[in-house]
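Chemist: Chains as they are written, first to last, in our numbering: chain A, 5 to 329; chain B, 74 to 288; chain C, 682 to 877.
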Amino acid sequence: MTLNEARAPFVKSEASVSSMMRDVLFALAMLLVLPVVHYGIRPLVMAGVTMLACALYEILFSLIQTKSISLSDCSSMVTGMIIIMLMPLNAPLWLPCAAAAFAILVAKMPFGSIGHTPFNPAAAGVAFATLCWPKQMFSYFNPAAAGTIPAYGDFTAALAPSPAAVLKSGLKPDILPLDMLWGVFAGPLGTTGILIICACGLFLFAKRTARWDITVSFLIVAALIAAFFPRIACSSLTSVKYELMSGSLLFCSVFMVTDPVTAPHRALGRILYGAFAGFLIMMFRRFGAFEQGACFAVIIANAAAPQIDALLVGSQRLGDEPYDE
Amino acid sequence: MTNKRNLLRETGTIFLNGVFFKNPVLVGALGLYPVVAAGYNMKNAVELSLLFLFLSLPLNLLFCLVGEMMSVWIRPGLVLTASAVLYLPAAWLTEKLMPGAVTALGMFASLMICNSVILSRADEYAPTHIGWAVAADAVGGSVGFSLVICLTAAIRELWLKGSLWHTNMGVYGTADAGVSLPFFGFILLGFFAAFVQWANEKRSQKAEKRRVPRI
Amino acid sequence: MTTFVQMLLTALLAVTAENILFAGGIGFSHALRAGRRPKTLGLYSIFVTVFTLISMVSGSLLAPLLAGSETLTVLRPAILALCAAAAYIAASFVIKTFFSQFYRKYGKLLSPAAINTVVLSMPYVLKSFKLSLPDAVGFALGTGAAFFLAALVFSRTSESCKNADMPKAFSGLPAVLLYIGILSMAFAGFTGGKLF
Chain A
5 MTLNEARAPF VKSEASVSSM MRDVLFALAM LLVLPVVHYG IRPLVMAGVT
55 MLACALYEIL FSLIQTKSIS LSDCSSMVTG MIIIMLMPLN APLWLPCAAA
105 AFAILVAKMP FGSIGHTPFN PAAAGVAFAT LCWPKQMFSY FNPAAAGTIP
155 AYGDFTAALA PSPAAVLKSG LKPDILPLDM LWGVFAGPLG TTGILIICAC
205 GLFLFAKRTA RWDITVSFLI VAALIAAFFP RIACSSLTSV KYELMSGSLL
255 FCSVFMVTDP VTAPHRALGR ILYGAFAGFL IMMFRRFGAF EQGACFAVII
305 ANAAAPQIDA LLVGSQRLGD EPYDE
Chain B
74 MTNKRNLLRE TGTIFLNGVF FKNPVLVGAL GLYPVVAAGY NMKNAVELSL
124 LFLFLSLPLN LLFCLVGEMM SVWIRPGLVL TASAVLYLPA AWLTEKLMPG
174 AVTALGMFAS LMICNSVILS RADEYAPTHI GWAVAADAVG GSVGFSLVIC
224 LTAAIRELWL KGSLWHTNMG VYGTADAGVS LPFFGFILLG FFAAFVQWAN
274 EKRSQKAEKR RVPRI
Chain C
682 MTTFVQMLLT ALLAVTAENI LFAGGIGFSH ALRAGRRPKT LGLYSIFVTV
732 FTLISMVSGS LLAPLLAGSE TLTVLRPAIL ALCAAAAYIA ASFVIKTFFS
782 QFYRKYGKLL SPAAINTVVL SMPYVLKSFK LSLPDAVGFA LGTGAAFFLA
832 ALVFSRTSES CKNADMPKAF SGLPAVLLYI GILSMAFAGF TGGKLF
């Protein structure tokens, strides 16, 4: 019997990495529908430019490496789409391209591309953009006063604080939780369509592309912290509604923490991992420097994933010496 | 004559190893703190490089002379003690060459006393090697450290402010203070280390091809 | 009780928002080396914690003395380093004399644990963050825990930082440095800027 060594994500024979990535791309594309209907073709332009940038960076790295170019798994497209979903629509086009450059050239390709990345590349790219250009990352235009939104160039518009920013300052957002379901409020491009995110999540769980146990444990822990330690003066239920629907928490629970490459491989491990990530994201919201810390929380959770696996398996492996003394 | 030529050649090799092929920061993963935390502008980089040289060379030469006389268990403590004492003239000299340097650097300068490159070379290398080798190693390591910190600082300062040593270079500095954070230093070091590793790999491939097989 | 809670909170801050390793870039050379020896990682971290505590407490006790005179202020870095050297020599002597078997097995861990930037940065952290003695003790203990967690994370990085699919140039240390950079970026999400 020949044993073939496979690399993550470990999929059953009827699925493949390409089919999983196509499912995720499809789900992410659905998130673009409402913004396109409300604001014109700019979301499509941003998504197209970012995905193209991701592909070009991957090709460039492969050429330097003198390795064969392979984009068929669509992983770089998924990275590009996730990056754009976490950015404001009024962000300049170079911003997602810069995040994409970091995601592909630093967080993905040097580690051996898909299957070996220790961190979610999109989370790393967005974290980089947040630290280097926080003003551009958290300036959201007011949807009510948007006017005509240009497809390509920079545009100035009246700004509005996102519900996440308002919660961070200890105040209650103006918008009612029920109204947040329709997605017409200031925030990152792909994180405001709450109902669509939920539908995408169900789609990915049904296709077994994403693991529901990670998302459920993530949301339960986040909800419990929101309920017992609300950031604003309101009932526990209202606090839970605002925390789950503001910022990129829900988007992160469906599209980022469920990354099969960086998540633990065992069921109990995934539950612990999801819970830890949920705890982290709430800590970043409360104590972090920025109104949104989803990408930072995902990175730290990714670093903890091998430890969680090792804890459950109970093995200790001594690695090779990584460098000369 | 042959011995002198060999000694010079070996000294040269030791020096070049310290500068590039076995760069203490990029190959040994030592002395990371000043590069990532303080190496975000050229002024800091040059000041720390000078301090490194003025501290490393006398400390290594001292332990080349007396290191073997000490017990192995007590030597690290004595190396730190000597480093603490020699830090004072080193800081004074750096301050003389660049007034206000040590005061401005603050904690970054003070922690050079326990820089892992300096201490590890004084404790492990210097006591068991001859003076020429130790001097070459100390100077080579200093040059290597300086190259790394200056290159890192140049990139970060250019990107942050579009300037080098507070002189506008005509480049638009686009990034916010994020690039002056330690994480960016580590990312740059990762790419530099990859370059050195690639160069070493090419070098060993060439050496392998040049080797004449014995019949 | 309040003092204990204060210490605990400061310790928690030292692991998270004020993590001097990831957010400050301090002590990685030793954390990487500790991670390469998972079997002695726990003991190494305990030694680091003890010496960090000694450094913090001595820094706290010496601070009013050193602030008194301008000459002593100039000599401050040297004096603090001398105290750390004395602590190492004293600890080594005591363990070597009274616990010789333990020393023979684990003595090699003492010098890297006692002499590193994490330990020697404590008096500066004390001054920078204006910590009271209970806070200082909590911070030192938290930093020891942060060192342990960092080394534990690095003990697993060999799997992702050395594989057949990655470019040879990045295999090993370069990938480890990128790994540290990305993780450090995450901790910067707490501080938003420089720690010191």
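Just so you know, even glycine gets a beta-carbon here, dropped at the ideal spot from N, CA and C.
Because the structure is a prediction, the values reported are computed rather than measured.
1) Does any C-beta atom of chain B lie closer than 8 Å to the C-beta of C/Met-866?
2) Out of B/Ser-144, B/Met-185, B/Ala-174, which one is the CA nearest neighbour of B/Phe-125?
3) Does A/Phe-145 come out as helix, strand or coil in the three-state DSSP assignment?
4) If the cut is a Cβ gap below 8 Å, which residues of chain C does B/Gly-104 touch?
5) Of all the beta strand (DSSP E) runs that stay within the bounds of the segment 135-206 of chain A, which reach a length of 3 or more residues?
6) With DSSP as the reference, identify every bridge partner of B/Leu-237, one or two as the case may be.
7) To the nearest angstrom, how far is it from the Cα of A/Pro-165 to the Cα of A/Ile-275?
8) What in chain B is Cβ-close to A/Val-110, meaning under 9 Å?
9) Nearest-angstrom Cα distance between A/Arg-321 and B/Pro-255?
10) Identify, in the order they occur along the chain, each residue of the same chain with its Cβ nearer than 6 Å to the Cβ of A/Gly-44, setting aside the five sequence neighbours on each side.
11) Give me the chain C residues within the contact set of B/Cys-137, using Cβ-Cβ distance strictly less than 9 Å, ordered along the chain.
12) If you compare alpha carbons, which of A/Leu-171, A/Ala-210, A/Val-188 is closest to A/Lys-245?
13) Where do the ends of the alpha helix (DSSP H) carrying C/His-711 lie?
14) With distances taken from CA atoms, which of A/Val-130, A/Ser-20, A/Gly-191 is nearest A/Pro-148?
15) For C/Leu-876 and C/Gly-705, which I take to be in contact (beta-carbon distance under 8 Å), what is that distance rounded to the nearest angstrom?
16) How far does the alpha helix (DSSP H) with B/Trp-146 in it reach, from first residue to last?
17) Might you give, ordered along the chain, the residues of its own chain that have their beta carbon closer than 7 Å to the beta carbon of B/Trp-205, omitting 5 neighbours on each side?
18) Alpha carbon to alpha carbon, how far is A/Phe-222 from A/Phe-283? Give it in angstroms, no decimals.
19) Is the separation between the beta-carbon of B/Thr-167 and that of B/Ala-174 shorter than 8 Å?
20) Which residues in chain C sit within 8 Å of B/Ile-186, going by Cβ to Cβ distance?
21) Check the Cβ-Cβ distances between B/Thr-154 and every residue of chain C, and say whether any is below 8 Å.
22) Is A/Phe-280 near A/Ala-308, with beta carbons less than 8 Å apart?
23) Would you say the segment 93-100 of chain B touches the segment 148-167 of chain B, given that touching needs at least three Cβ pairs under 8 Å?
24) Distance check for C/Ile-796 and C/Phe-828, CA to CA, integer angstroms please.
25) Give the DSSP-derived three-state secondary structure of A/Asp-324 in the structure shown.
26) Any C-beta of chain C sitting closer than 8 Å to the C-beta of B/Val-109?
27) Report buried or exposed for C/Leu-713, applying the criterion of at least 16 other Cβ atoms within 10 angstroms of its Cβ.
28) Could you please give the first and the last residue of the uninterrupted alpha helix (DSSP H) stretch that includes A/Arg-212?
29) Run through the segment 801-853 of chain C for me and flag every whole alpha helix (DSSP H) of 4 or more residues, listed as ranges in chain order.
30) Are the C-beta of B/Ser-215 and some C-beta of chain C separated by less than 8 Å?
31) Which residues in the same chain as A/Cys-299 place their Cβ atom closer than 6 Å to its Cβ, once the five residues preceding and following it in sequence are excluded?
32) Which residue marks the beginning of the alpha helix (DSSP H) containing A/His-42, and which one marks its end?
33) Taking the straight line between their C-alpha atoms, what separation do you get for A/Asn-94 and A/Asp-158?
34) Could you give the uninterrupted runs of the alpha helix (DSSP H) lying entirely in the segment 44-73 of chain A, keeping only those of 4 residues or more?
35) Identify which residue in A/Leu-254, A/Ala-102, A/Met-85, A/Phe-207 has its Cα closest to the Cα of A/Leu-135.
36) Would you report the Cα separation of B/Val-252 and B/Phe-181, rounded to the nearest angstrom?
Modeler: According to the structure data:
1) yes
2) B/Met-185
3) strand
4) Ser-710
5) none
6) B/Thr-240
7) Between A/Pro-165 and A/Ile-275, the C-alpha separation is close to 34 Å.
8) Ile-260, Gly-263, Phe-264
9) In this predicted model, A/Arg-321 has a pLDDT of only 47, less than 50, meaning its place in the structure is not dependable; the value taken from the coordinates is given anyway. Straight-line Cα distance between these residues: approximately 29 Å.
10) Ile-153
11) The premise fails here: B/Cys-137 is roughly 19 Å from chain C at the closest Cβ pair, so nothing lies under 9 Å.
12) A/Leu-171
13) 709-716
14) As written in the sequence, residue 148 of chain A is Ala, which differs from the Pro given in the question. For A/Ala-148, the nearest C-alpha among the options comes from A/Gly-191.
15) 4 Å
16) Note, B/Trp-146: premise wrong, no alpha helix (DSSP H); not H, not E.
17) Leu-80, Thr-84
18) 8 Å
19) yes
20) Here the neighbours are Pro-758, Ala-759, Ala-762, Leu-801.
21) yes
22) Cβ atoms of A/Phe-280 and A/Ala-308: closer than 8 Å.
23) no
24) 14 Å
25) For A/Asp-324, the pLDDT reaches just 41, beneath the cut-off of 50, and the residue's location in the model is therefore unreliable, although a value from the coordinates is still provided. A/Asp-324 falls in the coil class under three-state DSSP.
26) yes
27) buried
28) That residue, A/Arg-212, is in no alpha helix (DSSP H); it is neither H nor E in DSSP.
29) 803-810, 814-836, 838-842
30) Chain C has no Cβ within less than 8 Å of the Cβ of B/Ser-215.
31) Ala-127, Val-130, Ala-131
32) 21-43
33) 7 Å
34) 46-68
35) A/Ala-102
36) In a straight line, the C-alpha of B/Val-252 is about 18 Å away from that of B/Phe-181.
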